[in-house]
Amino acid sequence: MKNIFRIVAFLEGVSYILLLFIAVPIKYWGGDEKWVKLLGMPHGVLFFGYVVLAVFLNSIEDWSFRDLFVILICSIFPFGTF
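To convert a position in the sequence shown, counted from 1, into this note's numbering, add 11.
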């Protein structure tokens, strides 16, 4: 289960970086919204998966509340899930 979480965390981080640093500038500077739509849904699914897997692993690994909190907060910051 940890390996699945690591893969989802990596993919969530990559999708977030692509969304923030590629798609959003193209949307606002280039006027093309298709990249945000294209990358937004996969990022949302990966983000949801990251949170669900973190909560699930919390029950298996018996993390402290602080550990779970830090892991969940890391998903908000670019490069945080790496």
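Glycine included, every Cβ here is placed at the ideal spot set by N, Cα and C.
C-alpha gap between residue i and residue j, whole angstroms
i	j	result
residue 30	residue 39	12 angstroms
residue 76	residue 41	43 angstroms
Member of the options whose CA lies at the smallest distance from the CA of residue i
i	options	result
residue 6	58, 14, 12	With the chain covering 12 to 93 only, the question about residue 6 has no answer from this structure.
residue 125	70, 71, 65	Nothing about residue 125 can be read from this structure; the chain reaches only from 12 to 93.
residue 28	54, 44, 43, 73	54
residue 14	82, 84, 68	68
Range covered by the alpha helix (DSSP H) that runs through residue i
i	result
residue 57	45–72
residue 31	Here residue 31 belongs to no alpha helix (DSSP H), and DSSP marks it neither H nor E.
Practice task
Inspect the CB distances between the stretch 43–56 and the stretch 73–89 and report whether three or more fall short of 8 angstroms.
Solution key: Taking 8 angstroms as the limit for Cβ pairs, the verdict is that the stretch 73–89 does not touch the stretch 43–56.
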